[in-house]
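Scroll down for the structure; my scribbles are underneath it.
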Amino acid sequence: MALSDQELKEIAYLARINVKEDSLPSLKKELEDILGLFEELNAAETSEISAMSHPLDLSQPTRQDEVTEENLREELLKNAPSVQSGLFLVPKVIEGEE
Amino acid sequence: MDLHKLYLSEQLEGIKSGKFSSTELTTHYLERISKFDDDLNSFITVTEDQAIAKAKKSDERYKNNTNLPLDGLPIAHKDIFCTKDVLTTCGSKMLSNFEAPYSSTVFEKLDNEGMVMLGKTNMDEFAMGSSNETSYFGPVKNPWNTEYVPGGSSGGSASCVSAELAPVATATDTGGSIRQPASLCGLTGIKPTYGRVSRYGMIAFASSLDQGGVVARSAADAALILEAMCGHDPKDSTSLNLERPDLTTNLNNPIKGMKIGLPKEFFEKEMPSYVEKSIEDAISVYKDLGAEIVEVSLPNINLSLPIYYIIAPAECSANLSRYDGVRYGYRCEDPKDIEDLYMRTREEGFGNEVKRRILIGTYALSAGYYDAYYLKAQKCRQLVANDFKEVFKNIDVLLSPTTPGTSFKAGEKTNDPIAMYLQDIFTIPANLAGLPGLSIPCGENAGLPLGLQLVGNSLEEDKLLQFAHSYQLNTDWHSKMPDIS
Chain Y
31 MALSDQELKE
41 IAYLARINVK
51 EDSLPSLKKE
61 LEDILGLFEE
71 LNAAETSEIS
81 AMSHPLDLSQ
91 PTRQDEVTEE
101 NLREELLKNA
111 PSVQSGLFLV
121 PKVIEGEE
Chain V
8 MDLHKLYLSE
18 QLEGIKSGKF
28 SSTELTTHYL
38 ERISKFDDDL
48 NSFITVTEDQ
58 AIAKAKKSDE
68 RYKNNTNLPL
78 DGLPIAHKDI
88 FCTKDVLTTC
98 GSKMLSNFEA
108 PYSSTVFEKL
118 DNEGMVMLGK
128 TNMDEFAMGS
138 SNETSYFGPV
148 KNPWNTEYVP
158 GGSSGGSASC
168 VSAELAPVAT
178 ATDTGGSIRQ
188 PASLCGLTGI
198 KPTYGRVSRY
208 GMIAFASSLD
218 QGGVVARSAA
228 DAALILEAMC
238 GHDPKDSTSL
248 NLERPDLTTN
258 LNNPIKGMKI
268 GLPKEFFEKE
278 MPSYVEKSIE
288 DAISVYKDLG
298 AEIVEVSLPN
308 INLSLPIYYI
318 IAPAECSANL
328 SRYDGVRYGY
338 RCEDPKDIED
348 LYMRTREEGF
358 GNEVKRRILI
368 GTYALSAGYY
378 DAYYLKAQKC
388 RQLVANDFKE
398 VFKNIDVLLS
408 PTTPGTSFKA
418 GEKTNDPIAM
428 YLQDIFTIPA
438 NLAGLPGLSI
448 PCGENAGLPL
458 GLQLVGNSLE
468 EDKLLQFAHS
478 YQLNTDWHSK
488 MPDIS
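Going down the list, the sequences are from chains Y and V.
Residue 31 is where the first sequence starts when you use the numbering used here, and the numbers rise one by one after that.
Residue 8 is where the second sequence starts when you use the numbering used here, and the numbers rise one by one after that.
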């Protein structure tokens, strides 16, 4: 399974992980080796088999729509890298007037 | 007195009868940690002050006759379990400053039984690894020989229990992360049926595979603690709605007449002769105890490794998308815009193995590849689960080696991800099918221990532990401990 540089860059962008140009060749080799493992599955006959997404045959449990959590705003903001006026602070997202 | 030589039930009895207090026992372990852990690096955080305070409270409860079931017994928790106001890192730079705002159900359950947390144990980053070399907090060493790895991802938990720096530790297992380090460190490690132990507050890696459990020095110790960890939790929608199982009452029941299956596909693999010999010896022990041995076939079991390396990374890529540098955890310096913040935070905050798996998972889930990889893997996963269903119609447990061999030297497999992945070749299938599995020590080679794996049918942890306990009543592999002084 060969990956092109372009494909690898696209995957990295989808995953929002910056990959430095000089680490592309070794990373590509490692991923290709792992993808190579998957070829074994091609031989398995699965046309009549349904996909197993989970080990438990469960339906999603539901509960009454009642408030159970306390408001932990201060507690939760304590771990934030940057906070202003009780809000998470990030670089500007919306383009427009300064 | 060598308090650390006592098993949990003996320690509990000692506290109850007033031979020693929880404070003495806890202090004893804290001293051992400070003496030996610089070398082993099995703890990321030692919660010394909290531990002493908890132990004192426990001693008061004994005085007032209000003691709890496991009151005063020390325990170490894998750093994947959130513990309120205590650093919870998951072995990652990404969470290197994260103090959990709430506690995991596993922690709370054991805390409610009176257990005293000694600290948080080192682990492979986000539980991805089989050697505990991917931790941001440095590699953990194997107490049997510090040039060797303790296994992973619960390497810190296994290392500290093996070195008797804690009598028992919590752990988690996605593809073997309890059983493989238990095998490499000479311990008893059990992963229960998927859904037995709540995943609430247990940092997610691959949600359909992750399951909490325990590493201990004996099956009896493991049973005692696992029992207390189990039970329905409304906060985890995949928690089984069942009563907490009784894992201790029938531990001494004989296994005479029960059937052990040997998976033919596993025994056809090339194994070092000491592995073959140890497993043959264990089989003889079981024969002598009256178990019947039969060869069984799980025709699709050899597909497990590729299935796992599609499904686990796919789920990991989704779960780890939450680490974006916005709400908690690491954030890169001076992001120039929001995209740069995401991209560099995740580049700098994750280690190589985690990034590899996120990329593989992203690829397997991306448009054009979903059917060929992810869907195909899910179908093959069903084939493997069906194989188990079929064999458990006729047998009680499956027996095999836990690992392809004893521990390996640090650095030996670091640059070869696939060689590392092969460590879990015998353990992964149980995770795919959601079945309980355990590892018990059954031999050694060149001074390093080796484990035997037993896999049981769904919800039959009691039977697995019964098999493990019978073995330990008749052999002494589990009582051998490394000499670390």
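Here a beta-carbon is modelled for each residue, glycine too, at the ideal position from N, C-alpha and C.
For residue j and residue i, believed in contact at Cβ under 8 angstroms, the rounded distance
{"i": "Ile207/V", "j": "Thr112/V", "result": "Just to set this straight, residue 207/V is Tyr in the shown sequence, not Ile. Tyr207/V to Thr112/V, Cβ: 4 angstroms. Contact."}
{"i": "Val462/V", "j": "Gly444/V", "result": "4 angstroms"}
{"i": "Arg363/V", "j": "Glu60/Y", "result": "6 angstroms"}
{"i": "Ser215/V", "j": "Ser184/V", "result": "In fact, because the Cβ distance is near 15 angstroms, the residues do not count as touching under 8 angstroms."}
{"i": "Arg579/V", "j": "Ser446/V", "result": "In the structure displayed, chain V extends from 8 to 492; residue 579/V sits before or after that span and is not available."}
{"i": "Leu6/V", "j": "Leu77/V", "result": "In this structure chain V extends from 8 to 492, so residue 6/V is not present and cannot be described."}
{"i": "Leu172/V", "j": "Ile40/V", "result": "5 angstroms"}
{"i": "Ile266/V", "j": "Asp403/V", "result": "Going by the sequence as given, residue 266/V is Lys instead of Ile. Yes, Lys266/V and Asp403/V are in contact; Cβ-Cβ is about 5 angstroms, under 8 angstroms."}
{"i": "Leu390/V", "j": "Asn309/V", "result": "Going by Cβ atoms, the distance from Leu390/V to Asn309/V rounds to 11 angstroms, so no, they are not a contact pair."}
{"i": "Lys85/V", "j": "Ala170/V", "result": "Their Cβ separation, rounded to whole angstroms, is 16 angstroms, which puts Lys85/V and Ala170/V out of contact at 8 angstroms."}
{"i": "Gly182/V", "j": "Thr434/V", "result": "6 angstroms"}
{"i": "Ala58/V", "j": "Leu75/V", "result": "Between Leu75/V and Ala58/V the Cβ distance is about 16 angstroms, and since that is not below 8 angstroms, they are no contact."}
Contact set between residue i and chain Y, taken where Cβ atoms lie within less than 8 angstroms
{"i": "Ser105/V", "result": "The question names Ser, but residue 105/V is Phe in the sequence shown. What Phe105/V touches in chain Y: Asn109."}
8 angstroms Cβ cutoff met for residue i and residue j
{"i": "Ala83/V", "j": "Ser164/V", "result": "yes"}
{"i": "Thr30/V", "j": "Ala62/V", "result": "yes"}
{"i": "Pro199/V", "j": "Gly220/V", "result": "yes"}
{"i": "Cys323/V", "j": "Phe395/V", "result": "no"}
{"i": "Leu472/V", "j": "Ala229/V", "result": "yes"}
{"i": "Ser414/V", "j": "Asn149/V", "result": "yes"}
{"i": "Val333/V", "j": "Glu132/V", "result": "no"}
{"i": "Met122/V", "j": "Gly356/V", "result": "no"}
{"i": "Leu86/Y", "j": "Thr482/V", "result": "no"}
{"i": "Asp180/V", "j": "Asn438/V", "result": "yes"}
{"i": "Lys127/V", "j": "Met236/V", "result": "no"}
{"i": "Glu100/Y", "j": "Pro108/V", "result": "no"}
{"i": "Met209/V", "j": "Ile87/V", "result": "yes"}
{"i": "Ser477/V", "j": "Leu296/V", "result": "yes"}
{"i": "Ala371/V", "j": "Pro424/V", "result": "no"}
{"i": "Pro157/V", "j": "Ser166/V", "result": "yes"}
{"i": "Gly441/V", "j": "Tyr155/V", "result": "no"}
{"i": "Pro111/Y", "j": "Asp344/V", "result": "no"}
{"i": "Ser407/V", "j": "Phe273/V", "result": "yes"}
Counted within 10 angstroms of its Cβ, other Cβ atoms place residue i as buried (16 or more) or exposed
{"i": "Gly136/V", "result": "buried"}
{"i": "Arg251/V", "result": "exposed"}
{"i": "Glu340/V", "result": "exposed"}
{"i": "Thr95/V", "result": "buried"}
{"i": "Gly375/V", "result": "exposed"}
{"i": "Arg93/Y", "result": "exposed"}
{"i": "Pro489/V", "result": "buried"}
{"i": "Val97/Y", "result": "exposed"}
{"i": "Glu69/Y", "result": "exposed"}
{"i": "Thr54/V", "result": "buried"}
{"i": "Ser56/Y", "result": "exposed"}
{"i": "Ile365/V", "result": "buried"}
{"i": "Thr195/V", "result": "buried"}
{"i": "Met31/Y", "result": "exposed"}
{"i": "Val282/V", "result": "buried"}
{"i": "Leu119/Y", "result": "exposed"}
{"i": "Gln114/Y", "result": "exposed"}
{"i": "Glu51/Y", "result": "exposed"}
{"i": "Pro91/Y", "result": "exposed"}
{"i": "Gln36/Y", "result": "exposed"}
Chain Y contact residues for residue i, given Cβ-Cβ distances below 9 angstroms
{"i": "Tyr201/V", "result": "His84, Pro85 and Leu86"}
{"i": "Tyr380/V", "result": "Leu65, Phe68 and Leu71"}
Residues that residue i contacts on chain Y, provided the C-beta gap is smaller than 7 angstroms
{"i": "Tyr370/V", "result": "Ile41"}
{"i": "Gly441/V", "result": "Pro85 and Leu86"}
{"i": "Leu312/V", "result": "Leu67"}
{"i": "Ile317/V", "result": "Phe68"}
Beta-carbon neighbours of residue i, restricted to chain V and to distances below 7 angstroms
{"i": "Glu105/Y", "result": "Pro108"}
{"i": "Ala45/Y", "result": "Ser324, Ile365, Leu366 and Thr369"}
{"i": "Val120/Y", "result": "Val333, Ile345 and Leu348"}
{"i": "Pro91/Y", "result": "Ser244"}
{"i": "Glu51/Y", "result": "Those within 7 angstroms of Glu51/Y in chain V number zero; the least Cβ separation is about 13 angstroms."}
{"i": "Val123/Y", "result": "Ile345"}
Chain V contact residues for residue i, given Cβ-Cβ distances below 9 angstroms
{"i": "Asn101/Y", "result": "Per Cβ cutoff of 9 angstroms: no residues; Asn101/Y is ~12 angstroms from chain V at best."}
{"i": "Ser80/Y", "result": "Gln385, Lys386 and Gln389"}
Chain-ordered chain V contacts of residue i [CB-CB under 8 angstroms]
{"i": "Glu60/Y", "result": "Arg363 and Pro424"}
Quiz prompt | Continuous alpha helix (DSSP H) assignments of at least 4 residues falling wholly in the region 377-447 of chain V | solution = 383-398, 424-428 and 435-440
Practice problem: Write down every uninterrupted run of the alpha helix (DSSP H) in the region 67-151 of chain V whose length is 4 residues or greater and which is fully enclosed by it, in chain order. | Solution: Counting only runs that start and end inside the region 67-151 of chain V, the alpha helix (DSSP H) elements of at least 4 residues fall at 112-119.
Quiz item: Which runs of the alpha helix (DSSP H) fall wholly inside the region 235-323 of chain V and span at least 4 residues, in chain order?
Solution: Listed in chain order, the alpha helix (DSSP H) elements of length 4 or more contained wholly in the region 235-323 of chain V are 271-274 and 280-295.
Quiz prompt | Ordered list of alpha helix (DSSP H) runs contained in the region 160-226 of chain V, each at least 4 residues | solution = Qualifying alpha helix (DSSP H) stretches, in chain order: 162-169 and 186-192.
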